[in-house]
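Protein sequences appear in the order of chains A and B.
The opening position of the first sequence corresponds to residue 9 in the working numbering, with each subsequent residue numbered one higher.
The opening position of the second sequence corresponds to residue 9 in the working numbering, with each subsequent residue numbered one higher.
Backbone N, C-alpha and C fix where the C-beta goes; we use that ideal spot for every residue, glycine too.
Presented below is the structure to which this report refers.
Number of protein chains: 2
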Amino acid sequence: MKKIEIELREKTYPIFIGAGILRNFDKIIDASFKNERIAVAADKRVVKLHRQKLLPLINMKKRKAEVFLFDASEKNKNLAGISKIYSFLQERNYGRDSLIVSAGGGITGDTAAFAASTYMRGIKYVNIPTTLLSAVDSSIGGKTGVNFNGIKNFIGTFYHPEFVIIDTEFFATLPADEIICGLGELVKTAFLAGGKFYNSLYNSIEEIAGGNFKGIENIIYDAVSFKAGVVASDEKEKGLRKILNLGHTFSHAVEKESGFAVKHGQAVIFGIVAALSLSKNMALVTARDYASKLEFIGKIKKKIKVPLISPEILYDAMLSDKKNRSGRIKFVLPGMPGNAVIDAEADKKQVLKAIVTAYNYFK
Amino acid sequence: MKKIEIELREKTYPIFIGAGILRNFDKIIDASFKNERIAVAADKRVVKLHRQKLLPLINMKKRKAEVFLFDASEKNKNLAGISKIYSFLQERNYGRDSLIVSAGGGITGDTAAFAASTYMRGIKYVNIPTTLLSAVDSSIGGKTGVNFNGIKNFIGTFYHPEFVIIDTEFFATLPADEIICGLGELVKTAFLAGGKFYNSLYNSIEEIAGGNFKGIENIIYDAVSFKAGVVASDEKEKGLRKILNLGHTFSHAVEKESGFAVKHGQAVIFGIVAALSLSKNMALVTARDYASKLEFIGKIKKKIKVPLISPEILYDAMLSDKKNRSGRIKFVLPGMPGNAVIDAEADKKQVLKAIVTAYNYFK
Numbered sequence: 009m010k011k012i013e014i015e016l017r018e019k020t021y022p023i024f025i026g027a028g029i030l031r032n033f034d035k036i037i038d039a040s041f042k043n044e045r046i047a048v049a050a051d052k053r054v055v056k057l058h059r060q061k062l063l064p065l066i067n068m069k070k071r072k073a074e075v076f077l078f079d080a081s082e083k084n085k086n087l088a089g090i091s092k093i094y095s096f097l098q099e100r101n102y103g104r105d106s107l108i109v110s111a112g113g114g115i116t117g118d119t120a121a122f123a124a125s126t127y128m129r130g131i132k133y134v135n136i137p138t139t140l141l142s143a144v145d146s147s148i149g150g151k152t153g154v155n156f157n158g159i160k161n162f163i164g165t166f167y168h169p170e171f172v173i174i175d176t177e178f179f180a181t182l183p184a185d186e187i188i189c190g191l192g193e194l195v196k197t198a199f200l201a202g203g204k205f206y207n208s209l210y211n212s213i214e215e216i217a218g219g220n221f222k223g224i225e226n227i228i229y230d231a232v233s234f235k236a237g238v239v240a241s242d243e244k245e246k247g248l249r250k251i252l253n254l255g256h257t258f259s260h261a262v263e264k265e266s267g268f269a270v271k272h273g274q275a276v277i278f279g280i281v282a283a284l285s286l287s288k289n290m291a292l293v294t295a296r297d298y299a300s301k302l303e304f305i306g307k308i309k310k311k312i313k314v315p316l317i318s319p320e321i322l323y324d325a326m327l328s329d330k331k332n333r334s335g336r337i338k339f340v341l342p343g344m345p346g347n348a349v350i351d352a353e354a355d356k357k358q359v360l361k362a363i364v365t366a367y368n369y370f371k
Numbered sequence: 009m010k011k012i013e014i015e016l017r018e019k020t021y022p023i024f025i026g027a028g029i030l031r032n033f034d035k036i037i038d039a040s041f042k043n044e045r046i047a048v049a050a051d052k053r054v055v056k057l058h059r060q061k062l063l064p065l066i067n068m069k070k071r072k073a074e075v076f077l078f079d080a081s082e083k084n085k086n087l088a089g090i091s092k093i094y095s096f097l098q099e100r101n102y103g104r105d106s107l108i109v110s111a112g113g114g115i116t117g118d119t120a121a122f123a124a125s126t127y128m129r130g131i132k133y134v135n136i137p138t139t140l141l142s143a144v145d146s147s148i149g150g151k152t153g154v155n156f157n158g159i160k161n162f163i164g165t166f167y168h169p170e171f172v173i174i175d176t177e178f179f180a181t182l183p184a185d186e187i188i189c190g191l192g193e194l195v196k197t198a199f200l201a202g203g204k205f206y207n208s209l210y211n212s213i214e215e216i217a218g219g220n221f222k223g224i225e226n227i228i229y230d231a232v233s234f235k236a237g238v239v240a241s242d243e244k245e246k247g248l249r250k251i252l253n254l255g256h257t258f259s260h261a262v263e264k265e266s267g268f269a270v271k272h273g274q275a276v277i278f279g280i281v282a283a284l285s286l287s288k289n290m291a292l293v294t295a296r297d298y299a300s301k302l303e304f305i306g307k308i309k310k311k312i313k314v315p316l317i318s319p320e321i322l323y324d325a326m327l328s329d330k331k332n333r334s335g336r337i338k339f340v341l342p343g344m345p346g347n348a349v350i351d352a353e354a355d356k357k358q359v360l361k362a363i364v365t366a367y368n369y370f371k
């Protein structure tokens, strides 16, 4: 088992990473919580696939948790979905000394964490991400959120868990396109972090994409450490943390305009290619760097499927993104190796061209 | 104009108190905010009564604010009410660099502050309380919240404004029972703070109840200073801050079971009398102290109207209060002068008796 401490101004908390570590849940919980009543908010698909693995959460020696089954989907990630969690807790008289444990992917985690942050002005929260994507991305950094009027994560809070447990055994049942989603954020991290992590992901990306998780513990450890460092420097995303949105301006538009048929991590890879193209045209990356990054993504490009959407429509969607409310679209673009340019602006023509380039790349 | 700084770990912000100080809103805003787009969430009754006073908020020299008219009532203080604010902002493309200014009583402030704390994970917020009650109570301390399934302030956050502007000119149009509401929290503060403030409120309470606000600036200054000190010591209400709930276990039950026909401050005074009675029976206050506090409240007791509700029903409502989810009712009770006992428990019989005593007192 590996452990990373997230050090924030207000709070420090650990992230545990390992295969099968959930079997020790009882011990971890008892070491941290004496009297808290526990509610588990679990994605119902995860419960179906991993009933045995989840038993340590529910049948603890000293107390029993009650389970809220969440039908995790973007269309339930909203205030109505949150209200169901509130009602579940309220009807069962959960008080301020309560703890919500979420078990599921990013949708489950973001929703449960938002509920935890607002139920009686905040109760304790533990996150058990069960997908590669949520393990390396949404479970780290304290962003909670739900969709509002079709705009993703429009309503939310900054709220940190007591700890995060990444048990890599969950990944065994991930469908191929979910693994690609996780790789989307990992590729992004590799482009941002550069150096050693760039090389180790480059060397293992095909194996991971094929469902071989032998070296995944180290990959996750490095990716989480990188994100933890960024978040610790700029928790509220006033500056540096924006780099984590590399390619995301494009990807949010693709997700939205596909009616969320394209999953987040897949859209991120598409978005990174579009951002790379924009970077090249704005002379922010060298031709050689551009080519080597495209070659990196090339290792999984066949697994990316983004339906053709008019670039004009994607452009308009970017304008209505929550980060671009002032009428100008801000991009995070790849820069020189291990660097990114934040708050970049670009001509509409160049943006449309970058989208076309990305479509051609994945054709 | 008086000024108090609230000093918290994360943030320090000022509270301005004075008659007519809203006329300088333009200057105050321009000194603090350069680029923020401003939305004013105003109680529609306040807009009707004080259109002239609110003009400086809307027609600023450098920018115009848009006004969201809020129909402030307990039945709109919920997720549906919050959603209307979200939609108002979203449709007008308010971005992260936005500021919500609320103008109204506690319902308007609590609701607008919750919206500000969750819109795009938090935008800036300024509170202009227009009632005596909200000026001395809800506008100080960073508690935001809305009702959920009929339970008051069940959903919320801790979130602080950039500043609070208490312009006492608003009080001129307060109906008599609203003034009593403010006095309810002021009496509570006097019982907690003791000393000089106890005496000055004792000497001026009848004048204030009659609508004479000549000395109100000093009264508010002292009450806000007291609450600010408590909040600074224990922002998240883990210990000391609980004293501010003196009498509130009773008052929340009265409000709920009257269908919110009894207003908060009125219910607080009723609750303080019940708590006093419980304290006396548990030997937490002397007979002399008990008598002198009842005499204090006696100055306004004729203005308190609480319909008769079965003590048993009130007891059950207390059990379902959000602070008592563990099955035991926790009271904050008056102790020796300038003191209070927190997390007190009592026999059901004693609690019922205290409620009957309070009803007899106000008969």
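For Leu62 of chain B and Tyr229 of chain B, what's the separation of their Cα atoms in angstroms? 23 Å
Buried or exposed by the 16-neighbour rule on C-beta atoms within 10 Å, applied to Gln98 of chain B: buried
What does the Cβ neighbour count give for Asn253 of chain A, buried or exposed, with the cut at 16 atoms within 10 Å? buried
So is Ile148 of chain B in contact with chain A if we call contact Cβ pairs under 8 Å? no
How about Arg129 of chain A: is its C-beta nearer than 8 Å to some C-beta of chain B? yes
Closest residue to Thr119 of chain B among B:Ala143, B:Arg100, B:Asn86, B:Ser95 (Cα-Cα distance): B:Asn86
With DSSP collapsed to three states, give me the class of Arg336 of chain A. In this structure, Arg336 of chain A counts as coil in the three-state DSSP scheme.
When the Cα atoms are used, what is the spatial distance from Lys246 of chain B to Leu302 of chain A? About 53 Å.
Write down the C-beta distance between Gly113 of chain B and Thr139 of chain B rounded to the nearest angstrom, noting that I regard them as a contact closer than 8 Å. 4 Å
Give a yes or no on whether 8 Å exceeds the smallest Cβ distance from Ser95 of chain B to chain A. So, interface residue.
Is it buried or exposed, Arg249 of chain B, if we count other Cβ atoms within 10 angstroms and call 16 or more buried? buried
Using a Cβ-Cβ cut-off of less than 7 Å, give me the residues of the segment 60 to 90 of chain B that come near chain A, in sequence order. For the segment 60 to 90 of chain B, which is checked against every Cβ of chain A, the residues closer than 7 Å are Leu87.
Would you call the CB atoms of Leu286 of chain B and Ala362 of chain B closer than 8 Å? yes
Against chain B, with Cβ distances strictly below 8 Å, would Thr126 of chain A count as a contact? yes
Going by beta carbon distance, what residues of the same chain come within less than 6 Å of Phe178 of chain B, once the five residues before and after it are set aside? Thr138
Touch check for the segment 216 to 232 of chain A and the segment 277 to 291 of chain A: three-plus C-beta pairs under 8 Å? no
Is Asn155 of chain A close to chain B, meaning its C-beta is less than 8 Å from at least one C-beta of that chain? no
Among the residues of its own chain, which have a CB less than 8 Å from the CB of Ala240 of chain B, if the five just before and after it don't count? Ile14, Glu15, Leu16
So Phe24 of chain B is in the beta strand (DSSP E); what residue range does that whole segment cover? Where Phe24 of chain B is concerned, the enclosing beta strand (DSSP E) stretches over 20 to 26.
Sequence-distant residues of its chain with Cβ nearer than 8 Å to Ser40 of chain A (five each side left out): Glu170, Phe171
Would you give the residue range spanned by the beta strand (DSSP E) that Ser259 of chain B belongs to? Unbroken run through Ser259 of chain B is the alpha helix (DSSP H), 256 to 265; no beta strand (DSSP E).
Assuming Lys204 of chain B is part of the alpha helix (DSSP H), what are its boundary residues? Residues 203 to 217.
Option nearest Glu44 of chain A by Cα separation, candidates A:Lys19, A:Ile131, A:Ala27, A:His58: A:Ile131
Beta-carbon within less than 6 Å of Asp242 of chain B's beta-carbon, same chain only, minus the 5 sequence neighbours each way: which residues are those? Leu248, Arg249
For Gly114 of chain B, would you say it is in contact with chain A, using Cβ-to-Cβ distances shorter than 8 Å as the test? No, its Cβ sits nowhere closer than 8 Å to a Cβ of chain A.
Using a threshold of 8 Å, state whether the C-beta atoms of Lys42 of chain B and Leu77 of chain B are closer than that. no
Any beta-carbon of chain A closer than 8 Å to the one on Gly5 of chain B? Nothing can be reported for residue 5 of chain B: it is not among the residues displayed for chain B, which extend from 9 to 371.
Compare the C-beta of Lys151 of chain A with all C-beta atoms of chain B and state if any pair is closer than 8 Å. The beta-carbon of Lys151 of chain A is placed less than 8 Å from the nearest beta-carbon of chain B.
Which residues, taken in chain order from the segment 213 to 229 of chain A, show a beta carbon closer than 9 Å to some beta carbon of chain B? none
For the segment 190 to 203 of chain B against the segment 141 to 150 of chain B, are there 3 or more C-beta pairs whose distance is under 8 Å? yes
Member of A:Ala73, A:Gly279, A:Ile29, A:Ala269 whose CA lies at the smallest distance from the CA of Pro342 of chain A: A:Gly279
Helix or strand or just coil, what does DSSP make of Leu107 of chain A? strand
Suppose the cutoff is 8 Å on Cβ atoms and the five residues either side in sequence are ignored; what does the same chain contact list for Gly89 of chain B look like? Phe78, Thr119, Val154
Measuring only the C-alpha atoms, how far is Gly26 of chain B from Asp175 of chain B? 5 Å
Closer than 8 Å, CB to CB, is Ile163 of chain A near chain B or not? yes
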